[in-house]
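Residue numbers (the numbering used here): 706 to 940. This report refers to the structure that appears directly beneath it.
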């Protein structure tokens, strides 16, 4: 009996669809196929299949370098690899499902599939030479450099203030300003530090938005308010 032969372009399509189905179940955004990421993924899958090597650095480069070589300038990049073989071969849907199942059962690969900051995807699948059907699948995730989130925080109040973002808390003295860049959307919160006998007081909490300037100003009775306006253009 002849081994089953999958339609590799359709396997790639199914992997994208299954990845987005998993993300949808977790209320994450749908990933759009990017031609440059797909080119990088397909080229690397073919190399791994041809050489028999299997690692994220088999060509002496990392995923980010391969993405840039394909013309993809990124803010975030990640890569999943899978190797699947069977004497009976695979039908198209089965090979895609096996790759996804393997990744979802591996915490690091699952984390890539569920990466909140990713917005784009590219998938490549190639068959390795040999009597036993063996396939290499490469899945790349990216967020383009154009989607970098940049915002300013300026303390024009007379009070010491702290702001928390991405799990880090920073001190913001009066007249101090900070420029923040990130690849990951998140929430920013502002607080007045507590004293020896008092706890910290939250001023405001809101989503961090690209192109925004958060200006802290003194209000009545020692309060601090947050004014939101456009970020100053770099000179």
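Glycine included, each C-beta is placed from N, C-alpha and C at the ideal position. Since this is a predicted model, take the numbers as computed values, not measurements.
{"Item": "Residue 736 beta carbon less than 9 Å from that of residue 725", "Value": "yes"}
{"Item": "Beta-carbon proximity check, residue 789 vs residue 776, cutoff 9 Å", "Value": "no"}
{"Item": "Residue 899 classed as buried or exposed, judged by whether at least 16 other C-beta atoms fall within 10 angstroms", "Value": "exposed"}
{"Item": "Validate contact between the region 878-888 and the region 854-862 using beta carbons, cut 8 Å, 3 pairs", "Value": "yes"}
{"Item": "Residue 792 classed as buried or exposed, judged by whether at least 16 other C-beta atoms fall within 10 angstroms", "Value": "exposed"}
{"Item": "Rounded straight-line distance, which links the Cα of residue 714 to that of residue 943", "Value": "Residue 943 cannot be examined here, being either before or after the span of the chain that is shown, 706 to 940."}
{"Item": "Cβ-based burial, residue 896 [other Cβ within 10 Å; buried from 16]", "Value": "buried"}
{"Item": "3-residue-minimum beta strand (DSSP E) runs that sit fully inside the region 834-880, ordered along the chain", "Value": "839-849, 854-860, 866-870, 873-877"}
{"Item": "Cβ contact (3+ pairs, closer than 8 Å) linking the region 792-801 and the region 761-772", "Value": "no"}
{"Item": "DSSP three-state assignment for residue 758, whether helix, strand or coil", "Value": "coil"}
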